[in-house]
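Protein chains: 2
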Amino acid sequence: MAETTAIRTVDGAAARVRAPAATITDAASWTCPAPLRDHRTVVMGHGGGGQLSAELVRHLFAPAYGNDVLAQLGDSATVTLGGTRLAFSTDSYVVRPLFFPGGSIGDLAVNGTVNDLAMAGATAAFLSCAFILEEGVELATVGRVAASLGAAARAAGVVVATGDTKVVDTGHGDGVFINTAGIGLVRDGVDIRPERAAPGDVVIVSGPLGEHGVAVLSVREGLEFGGEVRSDTAPLGSLVQAMLDVCPDVHALRDPTRGGLATSLNEIASAAGVGISLQERSLPVPDAVAGACAFLGLDPLYVANEGKLVAFVPPARADAVLAAMRAHPLGAGAVAIGTCVAEHPGTVVARTGLGGTRVVDVPVGEQLPRIC
Amino acid sequence: MAETTAIRTVDGAAARVRAPAATITDAASWTCPAPLRDHRTVVMGHGGGGQLSAELVRHLFAPAYGNDVLAQLGDSATVTLGGTRLAFSTDSYVVRPLFFPGGSIGDLAVNGTVNDLAMAGATAAFLSCAFILEEGVELATVGRVAASLGAAARAAGVVVATGDTKVVDTGHGDGVFINTAGIGLVRDGVDIRPERAAPGDVVIVSGPLGEHGVAVLSVREGLEFGGEVRSDTAPLGSLVQAMLDVCPDVHALRDPTRGGLATSLNEIASAAGVGISLQERSLPVPDAVAGACAFLGLDPLYVANEGKLVAFVPPARADAVLAAMRAHPLGAGAVAIGTCVAEHPGTVVARTGLGGTRVVDVPVGEQLPRIC
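Sequences listed follow chains A and B, in order. Going letter by letter, the first sequence gives residues 1 to 372 in the UniProt record's numbering. Going letter by letter, the second sequence gives residues 1 to 372 in the UniProt record's numbering.
Below, the structure written as structure tokens:
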């Protein structure tokens with residue numbers, strides 16, 4: 001998930017002349033804002049997609065970049081350039097190991113960015129692709145990663161238009177890091193963003209949860225269930241277009257990667273000022289994922305997915321959207337998992353099988369480092 | 001300098017359906033192409049912007065991505081999306097140290113990508129900005145880098161629209177790596193690309209050479225001349241627009257970063273199938289740079305610049321372009337350094353002060369690792 005700092009529907013020319021509201025201009029005299037003072041140095045959780053990540057964006061990056069809209073966490077930015085409405089997004093990929101059941105860092109680098117664009121209702125057209133290689137990594141490894149990236153791009157229908165390669169000395173990198181940025185056309189008439197989630201919306205997920213995180217972790221730890229669970233990495237552009245065909249007014253979409261479904265739902269609840277009520281037993285957690293999570297002490301709601309989305313859909317169109325999703329290979333397991341409510345704004349509550357409720361909170365750091 | 005693989009003026013929709021000419025589809029069975037077999041593993045030179053970098057793009061990345069145009073090394077890709085002609089470019093920044101006389105990795109991350117877009121005649125509008133942080137780096141360092149990046153973006157008139165942050169464990173990164181990708185509108189009526197350099201063209205550089213590389217190396221090595229030479233990092237968008245105001249038919253532009261002026265000239269000579277004849281004594285090398293290079297055993301023609309461009313201009317408009325450049329603060333030191341010739345295609349020849357000639361070749365690897 002890209003962390004978007006502000007800016008929607010800003011024309012390039014207009015953006016270039018407007019003054020930022022509040023900026024940091026003197027790099028030499030930077031002082032740490034109070035909300036970040038728990039840590040003097042960067043910890044793994046700052047990259048985990050949870051609360052620490054959000055605070056870093058809000059209190060460090062956003063003020064530095066001086067955008068005049070409060071920092072937001074989104075999957076991509078929507079911008080207007082030369083009269084064309086574009087989605088623009090970036091992600092770096094530092095997953096370890098580079099190859100895992102169901103995919104590789106090359107697949108993630110394509111699908112992750114394609115999916116961020118899809119979450120704005122955009123069809124990815126072009127990708128940039130930049131490698132940071134560590135001196136000493138085998139050329140065959142780089143070749144295999146590039147081949148998997150190329151195959152994923154063709155499968156997703158996106159063209160790698162520009163690239164870059166840097167090499168860092170041994171011990172200052174980790175084999176292969178990849179960054180991709182993507183641009184895509186936003187479909188006419190759609191306005192998909194977290195703030196549009198509204199009480200009454202049906203919350204739909206496109207299929208089984210937690211597969212990517214469990215697949216990576218299992219091979220990393222050499223665990224037995226590694227063979228059973230494969231990463232779900234997949235490009236979601238055509239699934240989103242199929243949904244928009246039957247409901248152009250989808251309110252919000254997100255792909256629950258780092259931080260899992262729980263984090264995505266909390267971000268939307270918070271951005272829209274709504275509550276979310278989940279039916280816990282509706283959550284599609286495969287037995288193998290549930291077993292692995294129990295063994296590893298993880299909650300599947302916080303485990304990364306790389307080929308799933310969560311949608312907030314007006315109730316009148318929910319059945320049509322569900323049917324369209326189930327007719328698509330990447331949405332065959334789509335289910336409604338809950339509703340958006342006016343109560344407990346900003347909070348996600350799950351109704352348990354026993355009739356009780358529990359708050360589904362945002363993780364502070366991350367339970368699975370370097371998962372994407 | 002971004003390494004562009006193929007694709008110009010491709011409509012998003014068209015690009016998505018056309019089949020690649022030659023592709024690698026089976027990541028597991030990748031075999032090393034013959035031209036890459038001198039190295040089993042990645043060496044620093046693969047990221048140096050010279051011959052090894054070019055071979056990696058041509059023989060590893062381009063076949064993997066399956067674009068149907070031969071791999072080209074360019075500063076940015078020009079693509080058409082929704083009827084709008086865009087330049088799109090990316091670079092990662094791994095410079096060491098993060099701060100140096102005249103700038104920081106944050107300045108480079110903005111200006112480097114803005115300049116790649118400018119080399120296609122485009123005005124940068126939006127940047128993505130992705131950080132890969134090493135666990136343990138001080139938050140104050142990240143804050144200062146972000147502040148310098150934000151200030152550089154404002155100075156360049158470009159908006160940071162989307163971002164990402166990843167953290168890697170200690171010993172698997174190097175403080176701060178940054179990737180930026182940029183999109184910009186290509187000015188109507190311009191067609192600027194290396195292939196358009198033509199015999200008769202006047203070759204112009206915008207000012208003194210070698211300052212960035214010497215500034216970084218001096219502080220890295222703790223050398224005395226560090227105080228004298230400052231990085232020239234600067235955004236060249238407005239300089240290019242001033243040039244295009246007087247000559248919309250500029251043939252080729254390049255910013256001579258990694259690999260220096262020598263590499264840029266060789267790439268253009270090779271792409272256009274022309275020779276380039278330089279007057280060695282016209283080359284603007286400041287005394288402090290010349291002195292530092294002599295001391296360090298470097299050739300200033302191969303040292304990176306981060307705020308300079310080289311232009312190939314039709315002879316009839318060369319004086320007008322030179323005058324427009326000299327009237328701009330970033331082109332005050334612009335000079336003609338040679339001409340494009342029909343002889344010795346693909347080769348750059350310098351006429352020395354004593355009346356002799358020497359071939360200005362492409363470096364194999366890099367003389368200055370991690371300069372940007």
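Here a beta-carbon is modelled for each residue, glycine too, at the ideal position from N, C-alpha and C. All of these numbers come straight from a predicted model, not from anything done at the bench.
Does the region 277-293 of chain B come close enough to the region 238-249 of chain B to have 3 or more Cβ pairs within less than 8 angstroms?
no
According to DSSP, which residues form a beta bridge with A:D164?
A:A130
Short check: CB of B:E366 to CB of B:G49, under 9 angstroms?
yes
With DSSP collapsed to three states, give me the class of B:N179.
strand
Residues of its chain near A:A324, where Cβ-Cβ distance is below 6 angstroms and the 5 sequence neighbours each way are ignored:
A242, M243, V246
Under 7 angstroms by beta carbon: chain A residues contacting B:T263:
Those within 7 angstroms of B:T263 in chain A number zero; the least Cβ separation is about 14 angstroms.
With 9 angstroms as the threshold, decide whether the Cβ of A:F177 is near any Cβ in chain B.
yes
I need the DSSP call for B:T233, collapsed to helix, strand or coil.
coil
Among B:F295, B:L296, B:A304, which residue has its Cα nearest to the Cα of B:T257?
B:A304
Based on Cα-Cα distance, which residue from B:A34, B:P199, B:I132 lies nearest to B:V313?
B:P199
For B:C293, does the three-state DSSP call read helix, strand or coil?
helix
Is it buried or exposed, A:E221, if we count other Cβ atoms within 10 angstroms and call 16 or more buried?
exposed
Between the region 129-140 of chain A and the region 173-193 of chain A, can you find at least three pairs of beta-carbon atoms closer than 8 angstroms?
yes
For A:I204, name the three-state secondary structure that DSSP assigns.
strand
List the residues of chain B whose Cβ lies closer than 9 angstroms to the Cβ of A:V94, in chain order.
I132, K166, V167, V168, H172, G173
Closest by C-alpha distance to B:V250, when choosing among B:V349, B:V186, B:G121
B:G121
Please check if any C-beta of chain A sits within less than 9 angstroms of the C-beta of B:E138.
yes
Taking beta-carbon pairs under 7 angstroms, can you tell me which members of the UniProt domain "PurM-like C-terminal" (199-348) of chain A lie near chain B?
none
For A:T170, collect the residues of the same chain with a Cβ closer than 8 angstroms to its Cβ; drop the 5 residues on either side in sequence, then sort them by chain order.
E134, E135, G136
What is the residue span of the beta strand (DSSP E) that A:Y93 lies within?
84-93
In whole angstroms, what is the alpha-carbon distance linking A:L56 and A:H46?
7 angstroms
Could you check where the beta strand (DSSP E) with B:G150 kicks off and where it finishes?
No beta strand (DSSP E) contains B:G150, which is instead part of the alpha helix (DSSP H) from 139-156.
For residue 402 of chain B, count the other beta carbons within 10 Å of its own beta carbon; 16 or more makes it buried, fewer makes it exposed. Which is it?
No answer is possible for residue 402 of chain B: the residues shown for chain B start at 1 and end at 372.
Hey, would you say B:C292 sits closer than 9 angstroms to B:V229, going by beta carbons?
At residue 292 of chain B the sequence reads Ala, which differs from the Cys that was named. Cβ distance < 9 angstroms, so B:A292 and B:V229 count as in contact.
Neighbour-count burial assignment, B:G189, 16 or more Cβ in a 10 Å radius:
exposed
Where the alpha helix (DSSP H) through B:A311 begins and ends
No alpha helix (DSSP H) holds B:A311; the beta strand (DSSP E) holding it covers 310-313.
Output the boundary residues of the beta strand (DSSP E) element that contains B:L117.
Careful: B:L117 lies outside any beta strand (DSSP E), inside the alpha helix (DSSP H) at 105-118.
Give the single residue among A:L139, A:A262, A:V240, A:V42 whose Cα lies nearest to the Cα of A:A124.
A:V240
Run through DSSP, which three-state label would A:I337 get?
strand
For the beta strand (DSSP E) containing A:T58, list its first residue and its last residue.
Before going further, note that residue 58 of chain A is Arg rather than Thr in the sequence given. It is not in any beta strand (DSSP E) - A:R58 carries neither H nor E in the DSSP assignment.
When you compare only the Cα positions, how much space is there between A:P363 and A:P63?
24 angstroms
Distance check for B:F295 and A:L139, CA to CA, integer angstroms please.
35 angstroms
Using the C-alpha atoms, what's the distance from A:G112 back to B:A197?
39 angstroms
Taking the straight line between their C-alpha atoms, what separation do you get for B:D26 and A:S218?
Bear in mind that the predicted position of B:D26 carries a pLDDT of just 45, short of 50, making it too unreliable to give a figure here.
Consult DSSP for B:L278 and reduce its assignment to one of helix, strand or coil.
strand
Below 8 angstroms, can you find three or more Cβ-Cβ pairs linking the region 149-165 of chain B to the region 203-212 of chain B?
no
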